[in-house]
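First the structure, in the form of structure tokens, and then the observations on it.
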Amino acid sequence: MAAAPATEELHLTRDFAAPRERLYEAFTDPDQIAAWFGPVGFSVPRDSVDLDVREGGHQRFTMVNDEDPSWTSPVDATFTTVVPGELLEGAEEFEGVPQMQG
0 MAAAPATEEL
10 HLTRDFAAPR
20 ERLYEAFTDP
30 DQIAAWFGPV
40 GFSVPRDSVD
50 LDVREGGHQR
60 FTMVNDEDPS
70 WTSPVDATFT
80 TVVPGELLEG
90 AEEFEGVPQM
100 QG
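With numbering that gives the first Met the number 0, letter number 87 in the sequence shown gets 86, and the count goes up by one each step, no holes.
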């Protein structure tokens with residue numbers, strides 16, 4: 000029997016000096032996600048971004064290591080709360096980031 004994957008909870012709250020609508024778009028526009036998401040040294044190919052922005056919907060994409068494209072980290076988030084132009088809440092699963100593995 001395989002061991003259950005490690006789970007951790009991380010709650011993030013951030014304040015930004017930008018209009019709420021602009022931040023909402025940064026997380027819900029596939030072109031914008033591909034342009035900025037990921038840690039330094041990773042990119043998000045635009046064709047990997049799949050969004051269904053509604054409660055129960057999803058945000059999926061793959062982060063790719065810039066130096067070794069065989070190293071990928073898929074991200075799969077489920078939206079639990081969506082207030083258009085204002086608020087996104089949800090849960091996210093990801094793989095392939097050694098520093099974050101259990």
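Virtual Cβ for every residue (Gly too), placed ideally from N, Cα, C.
Nearest-angstrom beta carbon gap, residue 44 and residue 33 [assumed within contact, 8 Å]: For the purposes of this step, residue 33 is taken as residue 34 along the sequence shown, with counting starting at 1. For the purposes of this step, residue 44 is taken as residue 45 along the sequence shown, with counting starting at 1. That pair is a contact at about 7 Å.
Terminal residues of the beta strand (DSSP E) in which residue 59 lies: Counting from one through the sequence shown, the residue named residue 59 turns up at place 60. Unbroken beta strand (DSSP E) run through residue 59: 57 to 64.
Cut-off 7 Å between Cβ atoms - residues of its own chain near residue 24, not counting five sequence neighbours on either side: To locate residue 24, count along the sequence shown from 1; it is residue 25. Around residue 24: 31.
Which of helix, strand or coil DSSP assigns to residue 30: Taking the first residue of the sequence shown as 1, we reach residue 30 at position 31. Reduced to three states, the DSSP call for residue 30 is helix.
Three-state secondary structure assigned by DSSP to residue 20: Sequence index remark: in the sequence shown, residue 20 carries index 21 (1-based). Residue state, collapsed to three classes: helix.
For residue 90: DSSP bridge partner residues: Counted from its first residue, the sequence shown places residue 90 at position 91. Residue 90 is bridged to 77.
Contacting residues, own chain, Cβ-Cβ under 7 Å from residue 29 (five flanking each side not counted): Reading the sequence shown from its first residue, position 30 is the one you call residue 29. The answer, listed in chain order, is 45, 48, 50.
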